[in-house]
Amino acid sequence: MKRFFCFILVWMGLTHTILSQTLIEPNQNFVWESFSFLFPEPVVIKMESNLQKKLTIYPAKRDGFFMVVRILPWSEPITDKNLWMDSVFQKGLSPKQFQKAINNQNFQIYQADQIRNQNALRNQVWIQMDRKPYLWIWIQWKTDRKDLSDFFESNLFLSL
Numbered sequence: 286m287k288r289f290f291c292f293i294l295v296w297m298g299l300t301h302t303i304l305s306q307t308l309i310e311p312n313q314n315f316v317w318e319s320f321s322f323l324f325p326e327p328v329v330i331k332m333e334s335n336l337q338k339k340l341t342i343y344p345a346k347r348d349g350f351f352m353v354v355r356i357l358p359w360s361e362p363i364t365d366k367n368l369w370m371d372s373v374f375q376k377g378l379s380p381k382q383f384q385k386a387i388n389n390q391n392f393q394i395y396q397a398d399q400i401r402n403q404n405a406l407r408n409q410v411w412i413q414m415d416r417k418p419y420l421w422i423w424i425q426w427k428t429d430r431k432d433l434s435d436f437f438e439s440n441l442f443l444s445l
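This is the structure:
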């Protein structure tokens with residue numbers, strides 16, 4: 286019986302996430318898994334830690350953007366890289382893909398606009414796979430927030 290109970294505890298520890306939340310002030314450097322992030326306004330960061338590592342970032346005071354950061358568990362995606370765009374952007378308008386180099390790290394970026402709940406949104410997925418750990422970032426922000434467009438499109442959020 287003790288072995289079964291121990292097995293259940295270990296299994297639950299591996300399959301269930303451990304959540305924590307942190308409030309980050311504007312322009313405060315937030316370091317996670319050797320990556321460093323900055324945000325234009327106060328944000329709440331939810332960290333999930335289990336077999337996969339994931340951050341969910343959203344503004345603390347007002348609407349405007351949403352961000353998810355994950356560590357990719359493999360060295361190369363198994364599927365065609367163009368499927369990344371289809372998996373995140375539902376009925377994306379003017380989809381694009383381009384590359385950006387930031388501090389000697391290369392990112393493949395997929396971008397599309399969307400209309401969702403009467404809001405015009407810009408979506409970007411950033412994939413960095415030239416150095417471990419591999420990083421996947423999904424950013425969504427309201428296009429009427431010019432300050433957010435300037436911030437994210439100038440990649441000020443990523444201070445590697």
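Anchor point for the sequence shown: position 35 equals 320 in this note's numbering, and the numbering is continuous, going up by one each time.
Note that CB positions come from ideal geometry on N, CA and C, so glycine has one too.
Worksheet item: Are there three or more Cβ pairs, one per stretch, closer than 8 Å when the region 382 to 398 is compared with the region 409 to 428?
Response: yes
Practice prompt. Can you have a look at GLN425 and say buried or exposed, based on whether 16 or more other CB atoms are within 10 angstroms of its CB?
Written response: The residue is buried, with at least 16 neighbouring Cβ atoms inside 10 Å.
Worksheet item: Three-state secondary structure (DSSP) at SER434?
Response: helix
Worksheet entry | Sequence-distant residues of the same chain with beta carbon closer than 7 Å to LEU323, five excluded per side | ASN312, ASN314, LEU441, PHE442 and SER444
Practice prompt. Following the continuous beta strand (DSSP E) through MET414, name the residue where it begins and the one where it ends.
Written response: Run containing MET414: none; DSSP gives neither H nor E here.
Worksheet item: Around the C-beta of HIS301, are 16 or more other C-beta atoms found within 10 angstroms, so that it is buried, or is it exposed?
Response: In this predicted model, HIS301 has a pLDDT of only 49, less than 50, meaning its place in the structure is not dependable; the value taken from the coordinates is given anyway. Per the 10 Å Cβ criterion, exposed.
Discussion item. Tell me the rounded alpha-carbon separation between LYS503 and GLN399.
Written reply: Not covered by the structure: residue 503. The range shown for the chain is 286 to 445.
Worksheet item: Hey, LYS346 and GLU333 are a contact pair by Cβ (cut 8 Å); roughly how many whole angstroms apart?
Response: 23 Å between Cβ atoms; not a contact.
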